[in-house]
Amino acid sequence: SGKQTLKIFDGNDAVKRNQFRLISVPRIAKNEEVVEAALRAYYINDDQQEYELQTFMQQALLSDDIINRNNAAEDSNLGLVFRESVPEAWIIRAKPKDEEVIRIYPAWLKVGMAYVSLRVNKGSTTQTVIKEVLPLLGKQTECLQNFRLVEVLMGSKQVQRMVLDNQELILNRLKDIRKTSIRQMNQTRFYIVEDSKSPVRVNLFVGGLPPQLSSEEYTNILKDELAIKTNVVSMSHVYQAQGAVVLEISCFSEAERIYMLVKDTTVNDKPLNAVVIPEVVASKIPQNCCPLLVFVNPKSGGLKGRDLLYSFRKLLNPHQVFELTNGGPLPGFHTFSKVPSFRVLVCGGDGTVGWVLGALEEIRHKLVCSEPSVAILPLGTGNDLGRVLRWGAGYSGEDPYSILISVDEADDVLMDRWTILLDAEEPTEGGENGIAEPEPPKIVQMNNYCGLGIDAELSLDFHHAREEEPGKFNSRFHNKGVYVKVGLQKISHTRNLHKDIKLQVDQHEVELPSIEGLIFINIPSWGSGADLWGSESDNRFEKPRIDDGLLEVVGVTGVVHMGQVQGGFRSGIRIAQGSYFRVTLLKPIPVQVDGEPWIQAPGQIIISAAGPKVHMLKKSKQKQKKTGS
């Protein structure tokens, strides 16, 4: 084929862990082309002239240049070995330098200056760097002994800090980091930090506890399970509805012990989780400053979520970027609870966006900024809300910095949210004394749409397929292929949904046509971008908007009709438009809300507006103005 596949390691750490990335290059590729492809595999945008590739064979690190190996000295056994064949594995190495420019970030808020650049050479130590940096930051009169140079690694799971020794040679430190991992160097910053005289105080978020308990009950659980020492541990915040507390700990060793123990502790068969909460000093945030709170779901969009986590932690303060798989959205909202004005960026699919909006609704009353605007970076399969708000059909590798510029320039819009009350009338088995009891009412929130019948049945089949083989569902292309497959299996099925349900809109009975699916839509995008309502004008209904306080009700006649809608050949059957709906189920029917499907027992479904409208950010149509800032 003229192509060859190479394993690329980014340093000694990757070799130890046997974690490599594959690149495909022409067999006659030049050295620079292979280096460029290797850096691209690790999302490193540095000048490729600063890097070289070394061969990796039999767990030894041996230097050899791809392009020059045929001209190597005849007494070099290594050159002779690789004349015939290219080794399958290579390691990216940074070329040694006698001097370079590093960035030093102030650990205090300095508006208009994110960092200062400083040239360091072989003789530069931590102490000389501090001495040169302080005047550049306006602190020339300060005492050198009051400052430290801190190396901060912003990994995907945690932020690691290390205070550098005053006599440490900076170039040697940079060389060691790059030898360990080129990518780690790209995730490392150097901060100049002023020694703090404040007492030790660690804030630890503990989630996964039983909900709706009192402070005393939570304290007793933590005493029993974690053996907390009440003389150094106090409970500063309690989130009863979410089953979470925030502990204030005045001893580092006790905080570390509790943090490690929480990870191996379960309460009522549910694992606990712990997140160290940074302290935001809201009084020091300048007026008219609107920080960004970032939530990333690393499980969305294959590996893209993980890579975005790296990028945003590097571009922003790492403490404002939260990983949703560790404690959900609540730790982030708690951290920003005293910030007078902030915005939110959610990186994930429509389900992730719904999760964050639901958490925001629950904790809104405890936030100083009770109505932050929410932007979306779509990483899921359908991404219908992201499409409507102009954020696109899905993230495809755009520069994360340009995404932050787009969020900064986005327009604030309002969006309706809806509460769905599901009240099953059919009793469930296993009640007390063998007597069947009715299922308790269930309340869910809806942002995009709610489907009954064939639409929900396809979603349910997809959900089951994903649960059986979760590892295969890591790309939008594969996911859509599975949707097509389950749809084709149901083409010949005939149902009479209109006979199995009754619909009431704004207190008026509505007669249903012959349909297999009934869908309530809040946004003009369904099933990965299809316009289910259609664009034709109709005197019977108002033109739909996402903030009009109305839902549109549409019917589909089957899988073929759904396919035609998604292909843009047809629209759904317009049935009604209103603000209050009651659906009576006469038999068990598949239901899905924003992509989450289940079988709903016979009973009542009531859909009504959910509290205040939510503020969303819609990507501006105008060209970006701040790309140079």
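Position 157 of the sequence shown, counted from 1, bears residue number 157 in UniProt numbering, the numbering being contiguous throughout. Glycine is no exception: its CB is placed at the ideal position from the N, C-alpha and C atoms. Values in this document were obtained by computation on a predicted structure and should not be read as measured data.
Residue i, enclosing beta strand (DSSP E) - first and last residue
{"i": "Val159", "result": "159-163"}
{"i": "Val321", "result": "321-323"}
{"i": "Lys618", "result": "614-618"}
{"i": "Gly207", "result": "202-207"}
{"i": "Lys499", "result": "Premise fails: Lys499 lies in the alpha helix (DSSP H), 497-500, not in any beta strand (DSSP E)."}
{"i": "Val510", "result": "508-510"}
{"i": "Thr188", "result": "188-194"}
{"i": "Arg93", "result": "89-94"}
{"i": "Arg570", "result": "No beta strand (DSSP E) holds Arg570; DSSP gives it neither H nor E."}
{"i": "Tyr239", "result": "233-239"}
{"i": "Asn268", "result": "Per DSSP, Asn268 belongs to no beta strand (DSSP E) and is neither H nor E."}
{"i": "Phe147", "result": "147-154"}
Span separating the alpha-carbon of residue i from that of residue j
{"i": "Lys263", "j": "Leu360", "result": "25 Å"}
{"i": "Leu357", "j": "Thr5", "result": "44 Å"}
{"i": "residue 630", "j": "Gly208", "result": "Since the displayed the chain opens at 1 and closes at 629, residue 630 lies outside it and no answer follows."}
{"i": "Lys16", "j": "Ile91", "result": "12 Å"}
{"i": "Glu36", "j": "Leu22", "result": "13 Å"}
{"i": "Val444", "j": "Ser117", "result": "51 Å"}
{"i": "Lys587", "j": "Ile501", "result": "8 Å"}
{"i": "Asn12", "j": "Val163", "result": "23 Å"}
{"i": "Leu309", "j": "Glu323", "result": "8 Å"}
{"i": "Ser629", "j": "Gln19", "result": "Note on Ser629: pLDDT 37, under 50, position unreliable in the model; the coordinate value appears next. Taking the straight line joining both Cα atoms gives about 36 Å."}
{"i": "Val200", "j": "Gly123", "result": "35 Å"}
{"i": "Gly611", "j": "Gln577", "result": "19 Å"}
{"i": "Asp64", "j": "Ile130", "result": "Note that Asp64 has pLDDT 38, beneath the 50 cutoff, so the model's placement of it is unreliable and no number is given."}
{"i": "Ser198", "j": "Pro298", "result": "35 Å"}
{"i": "Ser234", "j": "Ala227", "result": "13 Å"}
{"i": "Ser571", "j": "Ser537", "result": "13 Å"}
{"i": "Ser181", "j": "Met616", "result": "39 Å"}
{"i": "Val267", "j": "Met260", "result": "16 Å"}
{"i": "Asn45", "j": "Gly397", "result": "13 Å"}
{"i": "Gln160", "j": "Pro400", "result": "22 Å"}
{"i": "Gln622", "j": "Gly392", "result": "15 Å"}
{"i": "Gly595", "j": "Ser459", "result": "7 Å"}
{"i": "Glu516", "j": "Lys499", "result": "10 Å"}
{"i": "Phe569", "j": "Arg178", "result": "55 Å"}
{"i": "Val346", "j": "Val276", "result": "20 Å"}
{"i": "Ser253", "j": "Asn220", "result": "21 Å"}
{"i": "Ile8", "j": "Ala38", "result": "6 Å"}
{"i": "Val505", "j": "Arg582", "result": "7 Å"}
{"i": "Asn146", "j": "Arg103", "result": "20 Å"}
{"i": "Ala29", "j": "Lys304", "result": "28 Å"}
{"i": "Ala107", "j": "Ala410", "result": "29 Å"}
{"i": "Lys3", "j": "Ala14", "result": "25 Å"}
Residues that residue i bridges to, as DSSP identifies them
{"i": "Ser608", "result": "Thr419, Tyr580"}
{"i": "Cys347", "result": "Val296, Leu377"}
{"i": "Ser406", "result": "Paired residue(s): none; Ser406 is not in a bridge."}
{"i": "Thr126", "result": "BP columns for Thr126 are empty, so no partner."}
{"i": "Lys3", "result": "Pro26"}
{"i": "Cys450", "result": "Phe520, Val593"}
{"i": "Gln564", "result": "None, per the DSSP bridge assignment."}
{"i": "Asp461", "result": "Partner(s): none; Asp461 has no beta bridge."}
{"i": "Asn166", "result": "Paired residues: none, contrary to the question."}
{"i": "Trp598", "result": "Val591"}
{"i": "Ser117", "result": "Arg103"}
{"i": "Lys284", "result": "None, per the DSSP bridge assignment."}
N- and C-terminal bounds of the alpha helix (DSSP H) containing residue i
{"i": "Ser215", "result": "215-226"}
{"i": "Met260", "result": "252-262"}
{"i": "Leu171", "result": "170-180"}
{"i": "Phe333", "result": "330-335"}
{"i": "residue 630", "result": "Because residue 630 is not part of the residues shown, which for the chain are 1 to 629, the question remains open."}
{"i": "Val388", "result": "384-388"}
Neighbour flag for residue i against chain D, beta carbons, 7 Å
{"i": "Thr419", "result": "Here there is only one protein chain, and chain D is not present."}
Which full runs of the beta strand (DSSP E) of 3+ residues lie inside the segment 525-562, going along the chain?
Qualifying beta strand (DSSP E) stretches, in chain order: 551-556.
Touching by the beta-carbon criterion (3+ pairs, under 8 Å), the segment 360-376 and the segment 311-320:
The segment 360-376 makes no contact with the segment 311-320, as fewer than three CB pairs between them are under 8 Å.
Entirely enclosed alpha helix (DSSP H) segments - the segment 11-61, minimum 4 residues:
With a minimum length of 4 residues, the continuous alpha helix (DSSP H) runs that stay inside the segment 11-61 are 12-17, 31-41.
For the segment 206-221 against the segment 164-173, do three or more pairs of beta-carbon atoms, one drawn from each stretch, fall closer than 8 Å, so that the two count as touching?
Not touching, per the Cβ criterion.
Decide yes or no for the touch test of the segment 174-193 against the segment 211-231: beta carbon pairs closer than 8 Å, at least 3 of them.
As far as the Cβ criterion goes, the segment 174-193 does not touch the segment 211-231, which means the pair count is below three.
Is the segment 451-458 close to the segment 551-565, with three or more CB pairs under 8 Å?
A contact exists between the segment 451-458 and the segment 551-565.
Report yes or no: do the segment 540-553 and the segment 512-532 share at least 3 C-beta pairs separated by less than 8 Å?
With a cut-off of 8 Å, the segment 512-532 and the segment 540-553 count as touching, because enough Cβ pairs lie within range.
Using 8 Å as the threshold, is the segment 327-340 in touch with the segment 239-254, meaning 3 or more CB pairs across them?
Yes, the segment 327-340 is in contact with the segment 239-254.
Segment contact, 8 Å Cβ cut-off, at least three pairs: the segment 406-422 with the segment 596-613
Contact between the segment 406-422 and the segment 596-613 is established, with three or more Cβ pairs separated by less than 8 Å.
Between the segment 91-109 and the segment 41-52, are three or more C-beta pairs nearer than 8 Å?
A contact exists between the segment 91-109 and the segment 41-52.
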